[in-house]
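Below: the structure, in structure tokens.
Number of protein chains: 2
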Amino acid sequence: MPPSSRAAVGATQLDRALGDWQRPGAGPAYRTLAGGLRTLVLDGRVPVETRLPAERELSAALGVSRTTVAAAYELLRTEGFLSSRRGAGSWTALPIGRAMPVAGISPHAAGSGDVIDLGIAAMAAPEPWLSRAMAAAVAELPAWTSTHGDFPAGLTVLRQAVADRYTARGLPTGPEQIMITTGASGAFSLLMRQVLNPAERAAVESPSFANALQALRYAGGRAVPVPLLDDGWDLEAWARTLRDAAPRLAYLIPDFHNPTGLLMSEDERRALVAAARSTGTLLVSDETTVDLCLDPELAARMPRPLAAFDHGGTVVTLGSAGKTFWGGLRIGWIRATPELIRRLAGDRASLDVSSPVVEQLAVRHLLAPDMLPEVLAHQRDRVRTQRDALVEAVQEFLPGWTFRIPQGGLSLWVRTAAGVSGSALATTAERHGVWVGSGPRFGVDGVLERFVRLPYALPPEVTREAVRRLAAAAASLTGAPPVPTPAPEVTLL
Amino acid sequence: MPPSSRAAVGATQLDRALGDWQRPGAGPAYRTLAGGLRTLVLDGRVPVETRLPAERELSAALGVSRTTVAAAYELLRTEGFLSSRRGAGSWTALPIGRAMPVAGISPHAAGSGDVIDLGIAAMAAPEPWLSRAMAAAVAELPAWTSTHGDFPAGLTVLRQAVADRYTARGLPTGPEQIMITTGASGAFSLLMRQVLNPAERAAVESPSFANALQALRYAGGRAVPVPLLDDGWDLEAWARTLRDAAPRLAYLIPDFHNPTGLLMSEDERRALVAAARSTGTLLVSDETTVDLCLDPELAARMPRPLAAFDHGGTVVTLGSAGKTFWGGLRIGWIRATPELIRRLAGDRASLDVSSPVVEQLAVRHLLAPDMLPEVLAHQRDRVRTQRDALVEAVQEFLPGWTFRIPQGGLSLWVRTAAGVSGSALATTAERHGVWVGSGPRFGVDGVLERFVRLPYALPPEVTREAVRRLAAAAASLTGAPPVPTPAPEVTLL
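If you read the sequences in order, they're chains A and B. For the first sequence, my numbering begins at 7 and goes up steadily by one. For the second sequence, my numbering begins at 7 and goes up steadily by one.
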């Protein structure tokens, strides 16, 4: 039977994703091309069981001979990265025993326990608060077990608690403006079904959150990237894009942007909302990491939410308990007009129906005034220590790599030293015992090849060891010796 | 700003959905047309903020004058069911204060507490088992809080427990064949992204589960209905459809089919899998209600799962804790080949990331041999009592309505008496204090207008009162007096 995957990749698309694979002195063209394709598969950017273009098409798109493409495909078949059937085409594959690459950013659970996962930005739970909140939730459960448990908009007690947090942040909000969702990702998927038609444009920051870009692709949307400046949002570029590309919506992460950590100022927020209102563009503001402010002074004077600058349904806000508290909870929310909330709740049954009752009750306890300040202080202290350890390790082991120290969020966005491609690094690093997200996952159409995202979600000693391994992987790519250091003993998660 | 909905309905589609609205003697055509459109909106079959066809197009499709359509639109505008803007078109709307209709089947949480919800087939939780399992899960939680909580394929302990259940049912299964999901609905959405291309065909039973049909629409699939016989699956029609329509996949509910309650025999299973294997069609078997077998003798000799007749990846199975235990859990699973499981897990980050840890631990306890038999016995006894109460009430209050008593599942599929349209009944019933799912929600293209689905998920006395109200609603449609009875005092959920 042919593979059951729906995926196919076109020749032009593959040409863009391969980038400048034909470097002079890189050896025979067919081997370099095979290597480039192998990297795309291993890095998860071309999913397994994706149909590749016919040899003739790809040779035309790349400007190489058909023999080169045929030889590259043959090499990949020999290695187990390609399977073909006469008359039916060729599909990407994985050699037996290779861990499955992931689309988007996701933990590499299939791999060996010996490899450090620097791929995802998610932390251990804040204890004892999480267990305490869960115990309180279970104690309350009997009040809910006599219901069918199906509340598409969420439990009113939690909707109220989330609304109160917005009000406290300077954005008066009622529970009818809140819907509880399956994390911010479930919120995004649900929202896309309602507001984006296939083939419509969606403006995104470049870089942006890898999983949101992937969700946009599944929704059939066309991402229009607007590059971020080193220190913030390019408002002229945004105004131009909203006006000229007329995107249906724009997806933004104004509060400790993922992956760069940038924070949008109030002036920028005001200008962006005004621009979007004038073009009728819906702004989707992802606030997943807003609570992870690592500068105590800044925490006391945080900009108001993007939606605070909106007066007419221009801004929809996505939030989540996944970064503030724990990824093992899977509770998120949408803040929107009551009308849109009602529509989203009415449409939820065919996606994920409802959110689990116990988790909702637990998040309500975590958000309560007698628990939240303590939890936030604990989380911020911990993340700050982890960030500082990562910064120190990168400066020590990867001296040529550059980055900006973020004031919040969970990751460094790092420009690699010359000659180190993020995709090649990501695939090589696995052999050196570390997984890392390459830059192109956070971009549209294979750009950002010189970047990697390094989350600081792990304990300092694990982070340090991960960076040491990453440096060894980078050295193996450039031929330079890694900065020497003894390998410390660590206990991995 | 124009509405942000992506929805539009074509003139031909609307013609089909309206059915035979032009009955002789029904009054002025424009009023009857407006009434038909109003019913479609109130019944949730044309969502709010859906763009309607231009008057000229609709008049051509319906074979009526443009004046008739214009007058119908004008009446709907006056009533608040339509909003128009010159040059931009007309969108469906709801008068202020009307509860939002739902797409698919979902609880009417927005409505008054005085209305009985016969829309959804979901029950109160089995106590004390649910609370006990949750408490045990929270006690185990500290072993997991040191992880990031993100396990795309699910916790291995639960994957193993689910696999063991399949093995016990005659289908040897390992944990690598199981992925834990956000209910069966989350499993279906995730699977559709991998295996169905937009515009590809998917064969479905007619009737089928309303929310799955809606999810298919969102996936861009084209549903090909295969009518069920009164007592089972029409294997000739299935073989013909698989051969002639060459659908990419078929979605089936062989174990107490929703909504009819039918159970597929082992012979039918064997034949269906063989037919699908020969045409290369993927069979998606939804087993959500398999545990709700209401006949103790049958429970001891249940047919083996559909996948037991498969030897090569033809069948993917969806399961859920939502009906067996409680809808407030939101835990489901997929059983498939290890390769497909790895691909689905690798692709999950952009949809719903992972499932909540505590819920997974609780479901593992509910599935454990020291708890499951007791819980199942309790659930089956309860559902049997509820079913018998519903059967009795329908026979008493709605004597002309016909149905087959199901051996399992959670609903009666009832053919209404002559002259009672399911859609009209659904909208009228709300005024009589009961919500009910009309037949066309369970069909493709507006068929099954003479049916309603009546779940037996509520306590007997509530069910009885709901049917009494339904009979009053039906009487108001036909003009016949309802079977007289005093209204009992009930405490609603």
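All C-beta atoms in this analysis are idealised placements derived from N, C-alpha and C, irrespective of residue type, glycine included.
Residue i, enclosing alpha helix (DSSP H) - first and last residue
i                : result
Thr188 (chain A) : It is not in any alpha helix (DSSP H) - Thr188 (chain A) carries neither H nor E in the DSSP assignment.
Arg349 (chain B) : Pro344 to Gly352
Ala66 (chain B)  : Glu61 to Leu68
Gly50 (chain B)  : Where Gly50 (chain B) is concerned, there is no enclosing alpha helix (DSSP H), given that its DSSP letter is neither H nor E.
Gln479 (chain B) : Looking at the sequence provided, one finds Ala at residue 479 (chain B) rather than Gln. Residues Pro466 to Thr484.
Leu20 (chain B)  : Ala17 to Leu24
Gly125 (chain B) : Neither: Gly125 (chain B) is in no alpha helix (DSSP H) and is coded neither H nor E.
Ser284 (chain B) : Glu272 to Thr285
Gly428 (chain A) : Gly428 to Arg437
Ser2 (chain B)   : What the structure shows of chain B is the stretch from 7 to 499, and residue 2 (chain B) is not part of that stretch, so it cannot be assessed.
Arg390 (chain B) : Leu378 to Phe403
Thr73 (chain A)  : Arg72 to Glu85
Leu304 (chain A) : Pro302 to Ala306
Alpha-carbon to alpha-carbon, residue j and residue i
i                : j                : result
Gln166 (chain A) : Leu289 (chain B) : 43 Å
Gly176 (chain A) : Ser291 (chain A) : 16 Å
Ala115 (chain B) : Leu268 (chain A) : Since pLDDT at Ala115 (chain B) reaches only 44, below the 50 mark, its modelled position is unreliable, and the value read off the structure follows with that caveat. So the two alpha carbons sit approximately 39 Å from each other.
Arg255 (chain B) : Gly328 (chain B) : In the sequence on display, residue 255 (chain B) carries Leu and not Arg. If I take the Cα positions, the gap works out to 24 Å.
Ser71 (chain B)  : Asp26 (chain B)  : 17 Å
Pro446 (chain A) : Pro253 (chain B) : 36 Å
Met21 (chain B)  : Glu274 (chain A) : According to the sequence shown, residue 21 (chain B) is Asp rather than Met. Their backbone Cα atoms lie some 49 Å apart in a straight line.
Arg459 (chain B) : Glu146 (chain A) : 33 Å
Pro101 (chain A) : Thr18 (chain B)  : 50 Å
Gly500 (chain B) : Tyr462 (chain A) : As displayed, chain B neither begins before 7 nor continues past 499, which places residue 500 (chain B) out of reach and without an answer.
Leu222 (chain B) : Ala282 (chain B) : 19 Å
Pro204 (chain A) : Arg370 (chain B) : 40 Å
Asp170 (chain A) : Arg421 (chain B) : 48 Å
Trp150 (chain B) : Ala23 (chain B)  : 51 Å
Phe403 (chain A) : Ala395 (chain A) : 12 Å
Pro465 (chain A) : Ala13 (chain B)  : 47 Å
Ser212 (chain A) : Ser284 (chain B) : 47 Å
Leu68 (chain A)  : Trp97 (chain A)  : 19 Å
Gln183 (chain A) : Val322 (chain A) : 10 Å
Pro309 (chain B) : Glu272 (chain B) : 6 Å
Range of the contiguous beta strand (DSSP E) that encloses residue i
i                : result
Val420 (chain B) : Ser417 to Arg421
Val458 (chain B) : Phe457 to Pro461
Trp150 (chain A) : Here Trp150 (chain A) belongs to no beta strand (DSSP E), and DSSP marks it neither H nor E.
Leu289 (chain B) : Leu288 to Asp292
Val322 (chain B) : Val321 to Ser326
Ala256 (chain B) : Leu255 to Leu258
Ser444 (chain B) : Val440 to Ser444
Leu357 (chain B) : Where Leu357 (chain B) is concerned, there is no enclosing beta strand (DSSP E), given that its DSSP letter is neither H nor E.
Leu88 (chain B)  : Leu88 to Arg91
Trp339 (chain B) : Gly338 to Arg341
Gly95 (chain B)  : Gly95 to Thr98
Chain D contact residues for residue i, given Cβ-Cβ distances below 8 Å
i                : result
Ala472 (chain A) : Included in the structure are the protein chains A and B, with no chain D among them.
Worksheet item: Which parts of the region 155-242 of chain B are runs of the alpha helix (DSSP H), unbroken and 4 residues or longer, counting only runs that do not cross its ends?
Response: Whole alpha helix (DSSP H) segments, 4+ residues: 162-174, 189-201 and 216-224.
Worksheet item: Three or more C-beta pairs closer than 8 Å, one from the region 474-484 of chain A and one from the region 31-43 of chain B: is that the case here?
Response: They do not touch, by the three-pair rule.
Fill in: Against chain B: residues of the region 200-229 of chain A by CB proximity under 7 Å
From the region 200-229 of chain A, only Gln200, Val201, Leu202, Asn203, Asn217, Gln220, Ala221 and Tyr224 have a Cβ closer than 7 Å to chain B.
Item to complete: Pull out every residue of the region 52-65 of chain B whose Cβ sits closer than 8 Å to any Cβ of chain A, in chain order.
Response: From the region 52-65 of chain B, only Pro53, Val54 and Glu55 have a Cβ closer than 8 Å to chain A.
Discussion item. With three or more C-beta pairs closer than 8 Å as the rule, is the region 356-373 of chain B touching the region 330-340 of chain B?
Written reply: By the Cβ criterion, the region 330-340 of chain B is in contact with the region 356-373 of chain B, since at least three pairs of Cβ atoms, one from each stretch, lie closer than 8 Å.
Discussion item. To be precise: take each residue of the region 173-191 of chain A, compare its Cβ to all Cβ atoms of chain B, and keep it if any distance is under 8 Å. Which residues remain?
Written reply: Against chain B - using a Cβ distance shorter than 8 Å - the residues of the region 173-191 of chain A are Thr188, Gly189 and Ser191.
Worksheet item: Does the region 52-66 of chain A touch the region 348-358 of chain B, meaning 3 or more C-beta pairs lie closer than 8 Å?
Response: These segments touch.
Worksheet entry | Sufficient close CB pairs (3 or more, under 8 Å) joining the region 384-404 of chain B to the region 228-248 of chain B | Segment contact: the region 384-404 of chain B against the region 228-248 of chain B, fewer than three CB-CB distances shorter than 8 Å; contact not assigned.
Worksheet item: With a cut-off of 8 Å, do at least 3 Cβ pairs link the region 148-166 of chain B to the region 121-131 of chain A?
Response: Short answer: they touch.
Fill in: Contact list for the region 358-383 of chain B against chain A, Cβ threshold 7 Å
Correct list: Asp358, Val359, Ser360, Ser361, Pro362, Val363, Val364 and Glu365.
Worksheet item: Got a sec: which bits of the region 335-349 of chain B sit with their beta carbon under 9 Å from any beta carbon on chain A, in order along the chain?
Response: Residues Leu335, Arg336, Ile337, Glu345, Leu346, Arg348 and Arg349.
Worksheet item: Counting Cβ pairs, one atom from each stretch, are 3 or more of them under 8 Å apart for the region 178-189 of chain B and the region 410-428 of chain B?
Response: Touching, no.
Fill in: Positions along the region 150-164 of chain A whose CB lies within less than 8 Å of some CB in chain B
Flagged, chain order: Trp150, Thr151, Ser152, Thr153, His154, Gly155, Asp156, Phe157, Pro158 and Ala159.
Worksheet item: Got a sec: which bits of the region 137-149 of chain B sit with their beta carbon under 7 Å from any beta carbon on chain A, in order along the chain?
Response: Contact residues of the region 137-149 of chain B toward chain A are Ser137, Met140, Ala141, Val144, Leu147 and Pro148 (C-beta to C-beta distance below 7 Å).
Worksheet entry | Interfacial residues, the region 425-442 of chain B to chain A, with Cβ spacing under 9 Å | Listed in sequence order: no entries.
Fill in: the region 256-276 of chain A: positions lying closer than 8 Å to chain B by Cβ
Listed in chain order, the positions of the region 256-276 of chain A with a beta carbon within less than 8 Å of a beta carbon of chain B would be empty, since no residue qualifies.
Worksheet item: Just checking, does the region 63-83 of chain A make contact with the region 33-50 of chain A on the three C-beta pairs under 8 Å criterion?
Response: Yes, the region 63-83 of chain A is in contact with the region 33-50 of chain A.
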